[in-house]
Structures are given as structure tokens and as C-alpha cells.
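See below for the structure under consideration.
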Amino acid sequence: MPSFLNIRGNNHDPKDPQLIRDGIKLGVNYKRFSKEPVLGKNILLRSNTVIYNDVIIGDDFKTGHNVVVRDHTTIGDDVLIGTNTVIEGGCKIGSNVSIQSNVYIPRNSIIEDNVFVGPCACFTNDRYPVRVEYDLKGPQLRKGCSVGGNTTFLSNIEVGEGAIVAAGAVVTRSVPPYYLAIGTPAKIKPLPTSLRVPNMI
0 MPSFLNIRGN NHDPKDPQLI RDGIKLGVNY KRFSKEPVLG KNILLRSNTV
50 IYNDVIIGDD FKTGHNVVVR DHTTIGDDVL IGTNTVIEGG CKIGSNVSIQ
100 SNVYIPRNSI IEDNVFVGPC ACFTNDRYPV RVEYDLKGPQ LRKGCSVGGN
150 TTFLSNIEVG EGAIVAAGAV VTRSVPPYYL AIGTPAKIKP LPTSLRVPNM
200 I
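Numbering-wise, numbering that gives the first Met the number 0 puts 114 at position 115 of the sequence shown, and it's gapless, one number per residue.
And the structure:
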């Protein structure tokens, strides 16, 4: 039977025996004077979830196993973070968001409301890794967009409101609202009328 902790209120004790048994870490003190995470109501954390200090999470938050949420991240209400997903620090995630398993979200990313991110999506925030100084800029996933599985994004890519990125795409430039990005490298074309509907998350 899978291990999980269901927190019904916003009170939690990092020394709770169940947290220790299931490898759940709430409030990783990554620097002096950092503040414990603030958690909303009805939180479900599965085993080996790690949440750093200086994190704010809304109501009805759920994780898979082995999830990491790093410092200075804010997460809205009704958000699912899938197994083996890593959210680096300084990210902003809205409400009604579904992020599937094995997703990497780098520092300084923005994910707005009603967004779906498929499994194994990989976002980046450094255009020239370890070669030149670069201002780290993660993706901006706008309201109601959908990202398919096994996609790869260069840094500072914006996916517009209601847009779709097809599975397996390599996205090298921003996607306008209600457009489709498909292929490697991704070609961008208008979204068919039949797909210009809200995400059903």
C-alpha cells in the first residue's frame, strides 16, 4: 500500500513520526532565517516528498512520490505535482494545474492557472550553460495552455494562452496564444478550431 500523509489543516510538525517514516521533509532549512513552508488545507503528500522553507502552497495540493519543491516557490489551489517531478526555486504556479510525472521545472518559471504539463517535459532556463553569464529565465506557461509529454524547451520560452505543444516537440521559440507547436524543431501553426476549448483538468 502506498504511503502518503493527508494534512487537513495548516498545522504540521516536521518531527511527526509518520513524516519521518515516509521520508517526507517539510521545511528544509536551506539558509539561516528561512521560514517554514505555509501549507493550505487538505494537502496530500506521498512518500519522499521534500518541500523547502520559504514556500507557500494553497489548498487541495497533491504530490506523487519523490517530489521536490524548492525555496521561494508559490503554488495556488488544486494543484497536482506528479512522481519524480522537481520544481526549482523562485517559481510561480497558479491554481488548477496538473503537472505529470518526471517533469523538470527550472528556477524562475511561471505557470498560470488551468495549465496541463505532460510527463517527462523538460524546461530550461540557461541559454548558454556554463559558457557565459546569463540571466536565468524559465518558461512562461500562460493560462489554459497544454504541454505534451517528452517535450523540450529552450530558456525563456512563452507558451501563450490556450496554446498546445504536441508530444515530443523541441520548442526553440515562443508559441502565440491558441497556436500549435509540433515537431523537432517545433513548427508553429494556428490551432484547429476544434481544439480551441478550455482544458478539462
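Idealized CB from N, CA, C, for every residue including glycine.
Is residue i near residue j, with beta carbons less than 9 Å apart?
i      : j      : result
Glu157 : Pro184 : no
Arg171 : Ala120 : Here residue 171 is Thr; the residue named in the question, Arg, does not match the sequence. Going by C-beta atoms, Thr171 is not nearer than 9 Å to Ala120.
Asp70  : Val49  : no
Ile80  : Ile98  : yes
Gly147 : Val164 : yes
Asn101 : Thr72  : no
Glu160 : Cys144 : yes
Asp59  : Asn41  : yes
From which residue to which residue does the beta strand (DSSP E) around residue i run?
i      : result
Ser154 : Note, Ser154: premise wrong, no beta strand (DSSP E); not H, not E.
Gly88  : No beta strand (DSSP E) contains Gly88, which DSSP labels as neither H nor E.
Tyr51  : Val49 to Tyr51
Arg45  : Ile42 to Arg45
DSSP three-state label for residue i, please.
i      : result
Thr192 : helix
Ile200 : coil
Leu135 : coil
Arg31  : coil
Ile19  : helix
Tyr178 : strand
Val146 : strand
Val170 : strand
Gly26  : strand
Val54  : coil
Ile163 : strand
Beta-carbon within less than 6 Å of residue i's beta-carbon, same chain only, minus the 5 sequence neighbours each way: which residues are those?
i     : result
Ser46 : Ser2, Asp21, Gly22 and His64
Lys24 : Val49
Would you please verify whether the beta carbon of residue i is less than 9 Å from any beta carbon of chain C?
i      : result
Ser100 : Judged by its chain identifiers, the structure shown contains no chain C, having just a single protein chain.
Quick one: residues in its chain with C-beta nearer than 7 Å to the C-beta of residue i, no 5 flanking neighbours on either side, listed in chain order?
i      : result
Asn95  : Asp77, Asp112, Asn113 and Ile200
Thr123 : Pro105, Phe152, Leu153 and Ser154
Tyr178 : Gly159, Ala162, Ile187, Lys188, Pro189 and Leu190
Val169 : Thr151, Thr183, Pro184 and Ala185
Which residues in the same chain as residue i place their Cβ atom closer than 8 Å to its Cβ, once the five residues preceding and following it in sequence are excluded?
i     : result
Gly57 : Gly39, Ile74, Gly75, Asp76, Asp77, Val78 and Ser94
Val37 : Asn9, Val54, Ile55 and Ile56
Any beta strand (DSSP E) of 3 or more consecutive residues that is wholly inside the stretch 61 to 129 | 78 to 80 and 96 to 98
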